[in-house]
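Protein chains in written order, with our numbering: chain A, 221 to 308; chain B, 245 to 836.
We put the CB at the ideal spot given by N, CA and C, even for glycine.
Quantities reported herein were computed from a predicted structural model and do not represent experimental measurements.
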């Protein structure tokens with residue numbers, strides 16, 4: 221008799237929820253650590269606003285959120301067509 | 245006299261024997277050619293060589309200086325890598341056109357006059373078209389045809405500019421042009437087509453994802469970068485380029501976020517990266533131009549690497565849409581690793597190549613106090629990490645497991661990717677080797693603590709945004725779809741244009757036919773059958789209408805009919821006599 225495929229056998233490192241959770245915790249902790257460097261080190265900059273605490277972190281975060289929101293809610297409704305749009 | 249050959253010769257002529265070669269011999273020849281050509285290049289000293297007169301102008305086949313040399317080096321390098329990656333391809337059309345294409349790029353790079361440049365420019369278009377057509381499916385053939393038409397149009401614009409430029413300046417030499425005359429604008433726009441400027445960019449995202457797996461690697465390296473070289477040579481410091489470049493860096497990332505075809509995502513991010521180079525050339529300071537060239541050098545490698553990893557995925561799975569992929573890190577761990585290296589490089593992580601060149605352009609913009617441009621570039625830096633740095637590896641190799649189990653990429657592909665990945669890390673870690681090759685001497689140091697911290701914060705928090713949006717379910721799910729771009733104007737617009745022309749011109753034709761071919765002759769024939777009677781009848785009718793007395797009308801019409809029937813008007817005889825006398829007169833006229 222054929223054995224049914226055991227899906228758990230196929231699960232590797234990044235498929236296991238506990239590993240993903242561990243990875244996320246490491247990632248968020250290191251992000252926070254990178255941000256905290258601003259408390260101890262004064263970055264040299266050209267523009268005045270670069271000196272603000274966490275300027276780059278906030279800009280990166282906001283930029284990506286804006287990027288996704290605009291793409292999803294503005295651009296996609298405008299430009300998305302069915303896959304065969306050009307075929308007929 | 246030097247004993248070397250003009251730089252493009254070996255690649256272009258050397259490609260021809262590939263028609264007859266097969267298997268291992270062909271493979272060895274493909275790898276040997278770029279090396280031979282490179283050694284040949286090293287043997288050419290700086291200066292202008294192979295010059296001769298042509299139609300009263302001077303043709304210069306090789307103008308070797310620091311600017312052309314660095315492009316010459318990277319073109320050889322990427323030609324070698326692409327040929328290595330394409331070793332398995334047993335398709336003469338692709339083998340030959342790929343290598344000729346690389347040779348044409350060398351020809352443009354070292355052209356010292358505009359005629360030579362134009363010839364190689366067109367050769368680029370032709371050979372690239374074959375790389376697209378070589379996929380031989382319906383989508384590729386129509387995309388190839390569109391590619392060809394757009395580049396021919398751009399090439400004609402360039403040619404018109406060159407002719408006017410040569411006529412007015414009296415010199416065909418290729419050097420600084422600057423925006424100041426009609427000719428310079430025409431050349432500018434012609435180059436802009438190849439550089440994929442906004443509204444002239446859609447050929448790129450239309451055709452590159454339709455080309456063959458290996459063809460796209462060549463394509464991603466040469467056409468846009470030769471255009472960048474052209475701009476660096478002819479238009480440094482042109483302010484318009486700053487704005488054009490900022491547009492290129494900005495808008496494609498929105499498209500890249502919602503695009504499903506991963507090679508098309510990379511095509512959009514190619515435009516985004518070329519945007520940084522164009523901005524750098526537009527700023528025009530030594531730091532900025534150096535940054536633009538260094539970024540072109542790095543982009544050829546990391547964008548090539550990303551296209552190679554996606555090509556390997558496509559080669560093994562036959563799929564490239566994000567909706568069909570996922571979980572491949574188990575089957576293709578090496579490809580996955582190389583993809584992450586490419587992603588880290590394009591995102592400009594410290595120790596990876598993008599970091600050491602993108603920052604030069606950013607700093608040049610800041611030095612020039614271009615605040616708005618600086619903010620756009622910073623936005624583009626975060627955005628490129630988002631779509632090329634995270635989205636590409638994530639949806640191909642991680643995300644949900646699509647259940648695909650396949651073999652790792654073939655060995656020669658892994659070698660090509662591994663070599664490129666090594667170079668990305670090497671240049672990122674030891675940038676001075678790249679800086680030494682740049683057109684202007686520089687002691688730029690990207691690894692200041694401030695810069696490393698700032699860039700890490702930017703990237704980490706872009707990644708935080710991605711993660712949170714994904715966990716919250718806001719991140720746009722990939723969908724099977726077509727996103728219309730500017731190519732819509734000619735892909736759908738051409739149909740409307742065709743229909744409009746059909747209505748207009750065929751309408752005029754039908755109208756003319758009805759009036760002048762049918763109704764008018766019919767009316768004339770009716771009238772001419774009996775002109776005297778027709779005129780009288782008309783007069784009688786008019787009279788009846790005018791007087792309001794219609795009683796005698798029928799009788800008068802009958803009278804007219806009667807007179808005509810019994811030939812009261814000898815028209816036939818009159819015509820006969822008239823013709824006879826005209827004949828006699830003509831005879832007299834001819835005889836005397």
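Subject >> Supposed close pair residue 512 of chain B, residue 493 of chain B - CB separation, criterion 8 Å >> reply: As a position in the second chain, residue 512 of chain B is number 268, starting the count at 1. As a position in the second chain, residue 493 of chain B is number 249, starting the count at 1. Contact between residue 512 of chain B and residue 493 of chain B fails: their C-beta atoms lie close to 11 Å from each other, not under 8 Å.
**OP:** Measuring alpha carbon to alpha carbon, tell me which of B:588, B:659, B:641, B:646 ends up nearest residue 626 of chain B.
**Re:** As a first step, residue 626 of chain B must be located in the second chain, where it is residue number 382. Answer by Cα proximity: B:588.
**OP:** With 8 Å as the limit, tell me which residues of the region 233-251 of chain A have their beta carbon closer than that to any beta carbon of chain B; keep them in chain order.
**Re:** The region 233-251 of chain A vs chain B, Cβ under 8 Å: 234, 235, 244, 247, 248, 250, 251.
Original post:
Using DSSP with H/G/I as helix, E/B as strand and the rest coil, what is residue 247 of chain B?
Top reply: The residue you call residue 247 of chain B lines up with position 3 of the second chain. If DSSP states are grouped into helix, strand and coil, residue 247 of chain B belongs with coil.
**OP:** Note the first and the last residue of the continuous beta strand (DSSP E) segment covering residue 306 of chain B.
**Re:** For the purposes of this step, residue 306 of chain B is taken as the residue at position 62 of the second chain. Element bounds for residue 306 of chain B: 301-308.
**OP:** Kindly list the residues whose CB is nearer than 8 Å to the CB of residue 573 of chain B, restricted to its own chain and excluding five residues on each side of it in sequence; keep chain order.
**Re:** Against the second chain, residue 573 of chain B aligns to sequence position 329. Around residue 573 of chain B: 580, 641, 642.
Subject >> Contact set between the region 629-663 of chain B and chain A, restricted to residues whose Cβ is under 7 Å from the partner >> reply: Within the region 629-663 of chain B, the qualifying residues are 630, 642, 645.
Original post:
Between the C-alpha atoms of residue 272 of chain A and residue 263 of chain A, what's the straight-line distance to the nearest angstrom?
Top reply: Stepping through the first chain from its first residue, residue 272 of chain A is reached at position 52. Stepping through the first chain from its first residue, residue 263 of chain A is reached at position 43. One Cα belongs to residue 272 of chain A, the other to residue 263 of chain A, and the distance between them is close to 9 Å.
Original post:
Nearest to residue 452 of chain B by alpha carbon, out of B:497, B:437, B:375, B:471?
Top reply: Translated into positions along the second chain, residue 452 of chain B becomes position 208. The shortest C-alpha separation from residue 452 of chain B is found at B:375.
Original post:
Cβ of residue 300 of chain A within 7 Å of Cβ of residue 750 of chain B?
Top reply: Start at 1 with the first residue of the first chain, and residue 300 of chain A comes out as number 80. Start at 1 with the first residue of the second chain, and residue 750 of chain B comes out as number 506. Contact: no.
Subject >> Check whether residue 851 of chain B and residue 437 of chain B have beta carbons under 7 Å apart >> reply: Because chain B here runs from 245 to 836, residue 851 of chain B falls outside it and cannot be looked at.
Original post:
Is the shortest distance between the beta-carbon of residue 557 of chain B and the beta-carbons of chain A less than 7 Å?
Top reply: Locating residue 557 of chain B in the second chain gives position 313, where the first residue counts as 1. Interface residue (Cβ-Cβ distance to chain A less than 7 Å): residue 557 of chain B is not classified as such.
Original post:
Skipping 5 residues on each side, what residues in its chain have a beta carbon closer than 7 Å to that of residue 309 of chain B?
Top reply: If you number the second chain from 1, residue 309 of chain B lands on position 65. In its chain, beyond the 5 residues on either side, 290 have a beta carbon closer than 7 Å to the beta carbon of residue 309 of chain B.
Original post:
For the candidate residues B:254, B:547, B:468, whose alpha-carbon lies nearest to that of residue 633 of chain B?
Top reply: Counted from its first residue, the second chain places residue 633 of chain B at position 389. Considering only alpha carbons, the answer is B:547.
Subject >> Burial state of residue 539 of chain B, where buried means 16 or more other Cβ atoms lie within 10 Å >> reply: Taking the first residue of the second chain as 1, we reach residue 539 of chain B at position 295. A buried status is given to residue 539 of chain B, since no fewer than 16 other beta-carbon atoms sit within 10 Å of its beta-carbon.
Original post:
How far does the beta strand (DSSP E) with residue 298 of chain B in it reach, from first residue to last?
Top reply: In the second chain, residue 298 of chain B corresponds to position 54, counting from 1. Boundaries of the beta strand (DSSP E) harbouring residue 298 of chain B: 291-298, taken from the DSSP string.
Original post:
How many whole angstroms separate the CB atoms of residue 636 of chain B and residue 509 of chain B, which I take to be in contact at a CB cut-off of 8 Å?
Top reply: Position 392 of the second chain holds residue 636 of chain B. Position 265 of the second chain holds residue 509 of chain B. Indeed, because the Cβ distance is near 6 Å, the residues count as touching under 8 Å.
Subject >> From B:344, B:738, B:410, residue whose alpha carbon lies closest to that of residue 298 of chain B >> reply: For the purposes of this step, residue 298 of chain B is taken as the residue at position 54 of the second chain. Of the candidates B:344, B:738, B:410, the one whose C-alpha sits nearest the C-alpha of residue 298 of chain B is B:410.
**OP:** Could you say if the region 676-687 of chain B and the region 522-540 of chain B meet the contact criterion of at least three C-beta pairs nearer than 8 Å?
**Re:** A contact exists between the region 676-687 of chain B and the region 522-540 of chain B.
Subject >> Where residue 268 of chain A meets chain B, residues with beta-carbon distance less than 7 Å >> reply: Counted from its first residue, the first chain places residue 268 of chain A at position 48. Contact note: residue 268 of chain A does not reach chain B at a C-beta cutoff of 7 Å; the least C-beta distance is about 11 Å.
Original post:
So which residues of chain B does residue 287 of chain A contact, with C-beta pairs closer than 7 Å?
Top reply: The residue you call residue 287 of chain A lines up with position 67 of the first chain. Here the neighbours are 497, 498, 501, 627, 630.
Original post:
How is the alpha helix (DSSP H) around residue 677 of chain B delimited, first residue to last?
Top reply: Position 433 of the second chain, counting from 1, holds the residue named residue 677 of chain B. Residue 677 of chain B -> alpha helix (DSSP H) spans 676-679.
Original post:
What are the boundary residues of the alpha helix (DSSP H) that residue 780 of chain B is part of?
Top reply: Walking along the second chain from the start, residue 780 of chain B turns up at place 536. Unbroken alpha helix (DSSP H) run through residue 780 of chain B: 775-791.
**OP:** Using alpha carbons as the reference points, say which of B:823, B:315, B:350, B:279 lies closest to residue 476 of chain B.
**Re:** Translated into the one-based positions of the second chain, residue 476 of chain B becomes position 232. If we check each option's Cα against that of residue 476 of chain B, B:315 comes out closest.
Original post:
Would residue 698 of chain B count as contacting chain A if we go by Cβ distances under 7 Å?
Top reply: Taking the first residue of the second chain as 1, we reach residue 698 of chain B at position 454. Residue 698 of chain B counts as touching chain A.
Original post:
Comparing alpha-carbon positions, which option in B:384, B:541, B:593 lies nearest residue 673 of chain B?
Top reply: On the second chain, residue 673 of chain B is found 429 positions in, with the first residue counted as 1. It is B:593.
Original post:
Could one say the Cβ of residue 264 of chain B lies closer than 7 Å to chain A's Cβ atoms, at least one of them?
Top reply: Residue numbering aside, residue 264 of chain B sits at position 20 when the second chain is read from its first letter. Chain A, which has no Cβ nearer than 7 Å to the Cβ of residue 264 of chain B, makes this no.
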